[in-house]
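Following: one structure in structure tokens, then a few remarks.
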Amino acid sequence: MLSALVPIFRTPELRRKILIVLGILVLYRLGATLPSPGVNFGTITECVDKATSGDSGQVYSLINMFSGGALLQLSVFAIGIMPYITASIIIQLLMVVIPRFETLRKEGQAGQAKITQYTRYLTVALALLQATAIVAMASRGNLLPDCPGILDDNGIFSLSVIVATMTAGAILVMWFGELITERGIGNGMSLLIFAGIASRLPADGQQILQSQGGLAFGLVCFAVFLILVAVVFVEQGQRRIPVQYAKRMVGRKMYGGSSTYLPLKVNTAGVIPVIFASSLLYLPQLVIQLVANGSTAGWVQWIQTNLVNPGSTWHIVIYFALIIFFTYFYVAITFNPEERADEMKKFGGFIPGIRPGKPTADYLNYVLQRITLPGSLYLGIIAILPNLFIELTGSGSNMSNLPFGGTMVLIIVVVALDTTKQIESQLMQRNYEGFLK
Numbered sequence: 000m001l002s003a004l005v006p007i008f009r010t011p012e013l014r015r016k017i018l019i020v021l022g023i024l025v026l027y028r029l030g031a032t033l034p035s036p037g038v039n040f041g042t043i044t045e046c047v048d049k050a051t052s053g054d055s056g057q058v059y060s061l062i063n064m065f066s067g068g069a070l071l072q073l074s075v076f077a078i079g080i081m082p083y084i085t086a087s088i089i090i091q092l093l094m095v096v097i098p099r100f101e102t103l104r105k106e107g108q109a110g111q112a113k114i115t116q117y118t119r120y121l122t123v124a125l126a127l128l129q130a131t132a133i134v135a136m137a138s139r140g141n142l143l144p145d146c147p148g149i150l151d152d153n154g155i156f157s158l159s160v161i162v163a164t165m166t167a168g169a170i171l172v173m174w175f176g177e178l179i180t181e182r183g184i185g186n187g188m189s190l191l192i193f194a195g196i197a198s199r200l201p202a203d204g205q206q207i208l209q210s211q212g213g214l215a216f217g218l219v220c221f222a223v224f225l226i227l228v229a230v231v232f233v234e235q236g237q238r239r240i241p242v243q244y245a246k247r248m249v250g251r252k253m254y255g256g257s258s259t260y261l262p263l264k265v266n267t268a269g270v271i272p273v274i275f276a277s278s279l280l281y282l283p284q285l286v287i288q289l290v291a292n293g294s295t296a297g298w299v300q301w302i303q304t305n306l307v308n309p310g311s312t313w314h315i316v317i318y319f320a321l322i323i324f325f326t327y328f329y330v331a332i333t334f335n336p337e338e339r340a341d342e343m344k345k346f347g348g349f350i351p352g353i354r355p356g357k358p359t360a361d362y363l364n365y366v367l368q369r370i371t372l373p374g375s376l377y378l379g380i381i382a383i384l385p386n387l388f389i390e391l392t393g394s395g396s397n398m399s400n401l402p403f404g405g406t407m408v409l410i411i412v413v414v415a416l417d418t419t420k421q422i423e424s425q426l427m428q429r430n431y432e433g434f435l436k
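In terms of numbering that gives the first Met the number 0, the sequence shown opens at residue 0 and continues consecutively.
Quick look at the structure:
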């Protein structure tokens, strides 16, 4: 493994890209630990552990995971990458609804540049909205309950400075991600999420070791290994549909006549369905904190018992069903069998035994629907593993953010595989053996 790393640093261009990525990740983690002006860092650090161990902090657990623990500390990069992710998802959904966005997508590089610009504008708006909501909850004492004195001053000017700082931090994180994608290796946004999650793993592992003992820690590590193997196996799985291209004459040259395949991944949707389902399930807790905080009404108690509690049967069943629904939904809006069939027909390609045009689109849709079912079940099982652990062991809400479980493993493995493949392709272009042997 170490010998495979040598060609990376021997190649000047690849070495420069790797150093750019590492430098930006260091700056990102530095900003995640830098407190915003007007925040009592000493007080908020003492309250974070108490807040995340109960139900009060679950509404931000997903975003806090992506920010590497920076959200509850109200640091400069507290908002993290979530506004950009949300903006990107919204723009993708608008491509299906609004014909203008679909036209821009088909215009090539110029249209993609406009879509990127719209995504940036929407990211700024979402970052401003999210920063305002978080600072407002912190000033009212709803962000970290039973923890007064988080902010040094609750005046309008001081709160505005904190909101402006967090919004600027989110914009800077967005620029970091685009810089990595443009001048580094891998997808910048995914690597920033990867860095945020990986930064929490040592502390979470140490917490398990201290609270549960060495035997429990060893069992968790063994379970992590099995989950990693299963995730890698499914993420690499794909259905390869053979495609044959007919021969055609262009001038005096013969083109085509080759055979290839169209790969359809088992997990075509990636981690997006898990993010959608998690965000939707956190809305009831957010409503309780903003509207009925401290209320003993019957509907409030039912929501806290059945929807907010990650170990409840209702929570697990609804979470699993939402993941399956969003998997099919996201695959339907991102993969268009009719477009793929038209592209194949345009370049003289066809699937052996299937006529070009609509029969090809119907066949692709049939295959896609069949492989999406195991992919959605796989996402649902991986995501609810920590919840099932809570339900079976009765460990309570303090295990709701079980390290290495669910979304964390999925994101880590997907990003690591994607980055490794890009490094491998860079090395293969220079006639090296590659990163993986």
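Positions of the beta carbon are idealized from the N, C-alpha and C atoms, including for glycine.
{"Asked": "Cutoff 8 Å; reference residue 19; Cβ partners in own chain excluding five residues on either side", "Found": "178, 179, 182, 183"}
{"Asked": "Contact belief for residue 114 with residue 104 at Cβ below 8 Å, rounded distance in angstroms", "Found": "7 Å"}
{"Asked": "Chain-order list of residues whose beta-carbon lies under 8 Å from that of residue 5 (same chain, five-residue window excluded)", "Found": "none"}
{"Asked": "Residue burial classification, residue 99 (beta-carbon count within 10 angstroms, cutoff 16)", "Found": "exposed"}
{"Asked": "Inside the stretch 305 to 389 only - beta strand (DSSP E) runs reaching at least 3 residues", "Found": "none"}
{"Asked": "Residue 28 (DSSP reduced to helix, strand or coil)", "Found": "helix"}
{"Asked": "Sequence-distant residues of its chain with Cβ nearer than 7 Å to residue 363 (five each side left out)", "Found": "336, 339, 340"}
{"Asked": "Endpoints, the alpha helix (DSSP H) within which residue 225 is located", "Found": "213 to 235"}
{"Asked": "Residues bridged to residue 264 (per DSSP)", "Found": "237"}
{"Asked": "Stretch-stretch touch, CB-based, cutoff 8 Å, three pairs: the stretch 239 to 246 with the stretch 218 to 228", "Found": "no"}
{"Asked": "Three-state class that DSSP yields for residue 258 in the structure shown", "Found": "strand"}
{"Asked": "Same chain, Cβ closer than 8 Å to residue 408, five either side skipped, listed in chain order", "Found": "223, 226, 227, 230, 381"}
{"Asked": "Simplified DSSP state of residue 72, which is helix, strand or coil", "Found": "coil"}
{"Asked": "Limits of the alpha helix (DSSP H) - the one that residue 86 falls within", "Found": "81 to 96"}
{"Asked": "Neighbourhood of residue 410 by C-beta distance below 7 Å, restricted to the same chain and skipping five residues each side", "Found": "192, 193, 196, 270"}
{"Asked": "Residue 27 to residue 35 span [Cα, whole Å]", "Found": "14 Å"}
{"Asked": "Beta-carbon proximity check, residue 266 vs residue 378, cutoff 8 Å", "Found": "yes"}
{"Asked": "Residues bridged to residue 414 [DSSP beta-bridge criterion]", "Found": "In DSSP, residue 414 forms no bridge with anything."}
{"Asked": "Residues of its chain near residue 173, where Cβ-Cβ distance is below 6 Å and the 5 sequence neighbours each way are ignored", "Found": "83, 122"}
{"Asked": "Residue nearest to residue 347 in terms of C-alpha spacing, selected from 314, 319, 371, 258", "Found": "258"}
{"Asked": "Those residues which DSSP pairs with residue 34 across a bridge", "Found": "74"}
{"Asked": "Host alpha helix (DSSP H) of residue 124 (start-end)", "Found": "108 to 139"}
{"Asked": "Residue 329 and residue 373 closer than 8 Å at C-beta", "Found": "no"}
{"Asked": "Close-in-space but distant-in-sequence residues of the same chain around residue 392 (CB under 6 Å, 5 per side omitted)", "Found": "Low local confidence applies: a pLDDT of 49 at residue 392 is under 50, so the model's placement there is unreliable, and no value is given."}
{"Asked": "Local Cβ density within 10 Å of residue 277, reported as buried at 16 or more and exposed below that", "Found": "buried"}
{"Asked": "Where residue 156 falls, given that 16 or more other Cβ within 10 Å makes a residue buried", "Found": "exposed"}
{"Asked": "Residue nearest to residue 319 in terms of C-alpha spacing, selected from 75, 112, 384", "Found": "384"}
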